[in-house]
């Protein structure tokens with residue numbers, strides 16, 4: 310086992326996912342299968358290889374510091390499940 | 086029927102005023118009425134807006150006003166490309182009600198070119214999959230065999246073009262999500278070079294790999310669509326600030342002396358013998374036109390998929406963190422904020438999306454970061470270097486697009502087997518290269534695709550080779566009959 314049920318539960322918690330017992334079990338089994346396959350990479354010696362984060366030879370793309378029109382507030386809020394006084398509304402955070 | 090024509094033919098007929106935009110649009114809508122219940126390519130249709138736009142185009146043309154290069158041509162967009170005022174769902178419960186307040190750059194460019202949006206097409210949820218079976222709504226059917234999958238993740242776009250519901254469609258390709266469905270549906274699918282087409286407004290999956298691409302009936306149509314969407318966009322910081330050529334100028338049929346590398350790693354275990362035979366026949370056609378084909382080696386090809394299943398989930402886990410039920414989309418009922426996040430994400434995402442978020446979070450966690458994530462980035466370098474070496478000597482690389490034929494809905498249940506669908510296509514995403522899938526034969530009535538890979542920004546070269554092949558392939562001009570090969574059409578599995 311590369312990854313146990315506790316690991317899956319922990320990682321799911323970090324990703325803000327709540328898994329049922331059955332889901333945790335299923336994902337543990339599936340992720341072990343995928344990780345075993347992924348570990349084919351261990352056959353490669355990459356000691357002296359530099360990582361590629363990005364394929365384009367781009368660095369620090371600058372633009373002029375100009376003001377542009379941005380999304381009007383009503384439009385930005387139009388898709389929100391709940392709003393109040395022109396703001397996104399969420400459950401109370403502080404008692 | 087008007088829908089039988091290619092994009093180039095329709096543009097010509099419209100320009101000559103032989104037909105009106107309204108007639109073309111009505112013909113496409115009638116075609117959708119006739120086949121959409123069977124194919125199920127669309128998540129959302131935009132019929133009224135389409136007819137209104139067609140009327141506008143006709144009025145402009147009647148008045149002698151300037152119309153765009155694709156004026157009056159019906160098309161579709163994958164439902165992960167934002168369209169202002171039109172629901173954009175990513176085929177996910179999470180965004181089932183999301184109406185973007187802005188257009189993706191490609192949507193805007195196509196709008197300005199005069200093309201007419203008929204709707205948004207089905208995909209594997211958040212573009213994660215190879216069959217559209219991961220759509221939260223329904224599975225799209227392959228027009229060549231309704232019991233088979235159309236491929237994915239851009240299966241709806243591929244099927245809509247194959248079934249002639251639209252003249253072209255856009256999709257997105259992170260590991261093969263344009264090319265594999267294009268191969269499975271017998272149409273032309275291009276994934277341009279990373280940075281060639283703006284990703285602004287494409288709902289991101291794996292940002293260093295994602296690229297918007299096109300589905301068309303033939304190679305000329307592909308060039309015509311590229312002429313509109315290949316453009317520098319300051320709103321996408323990874324957009325290449327490089328002028329795009331007129332891609333139709335490459336369609337001259339001249340491949341004399343062109344050097345084609347055939348990587349042996351793409352023809353080994355697991356390849357369907359008939360697929361292999363058809364690709365070899367295509368190589369022979371190109372050789373008969375004066376191209377020189379030689380076997381080459383891309384030794385790290387087999388490591389593309391395992392590296393991808395680290396990099397893509399890692400990027401996805403970060404990108405999909407934005408879906409928290411606060412600003413847009415689905416929201417679950419909850420008593421506190423923590424619960425709101427958890428319940429929303431747990432109920433809003435489907436199983437494959439959750440699986441990849443968990444995998445991505447795992448490989449990025451501090452204990453695993455070097456062993457998995459950095460390792461995969463290093464393997465990405467090796468894959469890219471394989472291509473760099475090959476392209477020092479060869480103009481294009483030719484491979485099958487997929488190792489097998491379209492499979493039956495529900496037939497591939499093993500995760501890794503499903504992931505291996507992208508084995509021929511994923512290395513080019515890792516290296517950011519342009520690649521096109523072109524139909525190169527039929528086996529048991531199902532299409533086969535070959536892939537041509539080019540140097541960075543050499544879309545013109547692969548279009549030239551694809552076009553030369555297409556014009557000389559000797560393939561029958563087949564179209565899908567839209568019937569199931571025995572048995573009933575599957576419902577959502």
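Chains as they are written, first to last, in this note's numbering: chain B, 310 to 404; chain D, 86 to 578.
Idealized CB from N, CA, C, for every residue including glycine.
Since the structure is predicted, the reported quantities are computational estimates derived from the model, not experimental observations.
One question on the structure: do residue i and residue j come within less than 9 Å of each other, judged by their Cβ atoms?
i: residue 217/D; j: residue 162/D; result: no
i: residue 113/D; j: residue 87/D; result: yes
i: residue 242/D; j: residue 277/D; result: no
i: residue 385/D; j: residue 467/D; result: yes
i: residue 226/D; j: residue 302/D; result: no
i: residue 290/D; j: residue 273/D; result: no
i: residue 343/B; j: residue 444/D; result: yes
i: residue 257/D; j: residue 165/D; result: yes
i: residue 177/D; j: residue 434/D; result: yes
i: residue 204/D; j: residue 129/D; result: yes
i: residue 541/D; j: residue 519/D; result: yes
i: residue 376/D; j: residue 336/D; result: no
i: residue 229/D; j: residue 565/D; result: yes
i: residue 438/D; j: residue 210/D; result: yes
i: residue 317/D; j: residue 296/D; result: no
i: residue 422/D; j: residue 362/B; result: no
i: residue 417/D; j: residue 525/D; result: no
i: residue 304/D; j: residue 555/D; result: yes
So what does DSSP say about residue i, is it helix, strand or coil?
i: residue 656/D; result: Outside the shown range of chain D, which is 86 to 578, sits residue 656/D, and nothing can be said about it.
i: residue 310/B; result: coil
i: residue 534/D; result: strand
i: residue 459/D; result: helix
i: residue 579/D; result: The structure shown does not extend to residue 579/D, since chain D is modelled only from 86 through 578, so no value can be given for it.
i: residue 130/D; result: strand
i: residue 296/D; result: strand
i: residue 377/D; result: strand
i: residue 353/D; result: coil
i: residue 393/D; result: helix
i: residue 341/B; result: helix
i: residue 564/D; result: coil
i: residue 166/D; result: strand
i: residue 336/B; result: helix
i: residue 527/D; result: strand
i: residue 572/D; result: Low local confidence applies: a pLDDT of 45 at residue 572/D is under 50, so the model's placement there is unreliable, and no value is given.
i: residue 345/D; result: strand
i: residue 577/D; result: Residue placement at residue 577/D is poorly supported in this model, since its pLDDT is 38, which falls under 50; the coordinates are not used for a value here.
i: residue 482/D; result: strand
i: residue 315/D; result: strand
i: residue 248/D; result: coil
i: residue 384/B; result: helix
i: residue 124/D; result: helix
i: residue 475/D; result: helix
i: residue 513/D; result: helix
i: residue 548/D; result: helix
i: residue 291/D; result: coil
Rounded C-beta distance between residue i and residue j? I'm assuming under 8 Å.
i: residue 153/D; j: residue 199/D; result: 3 Å
i: residue 191/D; j: residue 283/D; result: 6 Å
i: residue 338/D; j: residue 553/D; result: 5 Å
i: residue 390/B; j: residue 286/D; result: Actually they are not in contact, since the Cβ atoms of residue 390/B and residue 286/D sit about 22 Å apart, beyond 8 Å.
i: residue 189/D; j: residue 159/D; result: Wrong, their Cβ atoms sit about 18 Å apart, outside the cutoff.
i: residue 367/B; j: residue 323/D; result: 7 Å
In chain order, what residues of the same chain have a beta carbon less than 6 Å from the beta carbon of residue i, not counting five sequence neighbours either side?
i: residue 521/D; result: 275, 537, 547 and 551
i: residue 337/B; result: 314 and 317
i: residue 268/D; result: 486, 487, 522 and 534
i: residue 99/D; result: 157
Indicate, with yes or no, if the ligand MN has a heavy atom lying under 8 Å from the CB of residue i.
i: residue 112/D; result: As far as ligands go, the structure on display features none, and thus does not contain the ligand MN.
Leaving out five residues before and five after residue i in sequence, what residues of the same chain have Cβ atoms less than 8 Å from its Cβ?
i: residue 184/D; result: 170, 171, 172 and 173
i: residue 348/B; result: 311
i: residue 574/D; result: Per-residue confidence for residue 574/D stands at a pLDDT of 45, beneath the threshold of 50, marking its modelled position as unreliable; the derived number appears in the next sentence. So the list reads 123, 226, 231 and 232, once near-sequence residues are dropped.
Quick one: residues in its chain with C-beta nearer than 7 Å to the C-beta of residue i, no 5 flanking neighbours on either side, listed in chain order?
i: residue 516/D; result: 468, 469 and 472
i: residue 348/D; result: 381, 382, 383, 386, 482 and 484
i: residue 449/D; result: 399, 402 and 458
i: residue 576/D; result: Residue placement at residue 576/D is poorly supported in this model, since its pLDDT is 41, which falls under 50; the coordinates are not used for a value here.
Using 8 Å as the Cβ pair cut-off and three pairs as the minimum, do the segment 241 to 257 of chain D and the segment 477 to 492 of chain D touch?
-> no
Count the CB pairs spanning the segment 456 to 471 of chain D and the segment 387 to 401 of chain D that are closer than 8 Å, and state whether there are at least three.
-> yes
Using 8 Å as the Cβ pair cut-off and three pairs as the minimum, do the segment 491 to 502 of chain D and the segment 360 to 377 of chain D touch?
-> no
Between the segment 508 to 519 of chain D and the segment 325 to 340 of chain B, do at least 3 Cβ pairs fall closer than 8 Å?
-> no
Spell out a yes or no on whether the segment 321 to 330 of chain B and the segment 361 to 370 of chain D are touching, meaning 3 or more CB-CB pairs, one atom from each, closer than 8 Å.
-> no
Give a yes or no on contact between the segment 99 to 107 of chain D and the segment 134 to 143 of chain D, applying the rule of three or more CB pairs nearer than 8 Å.
-> yes
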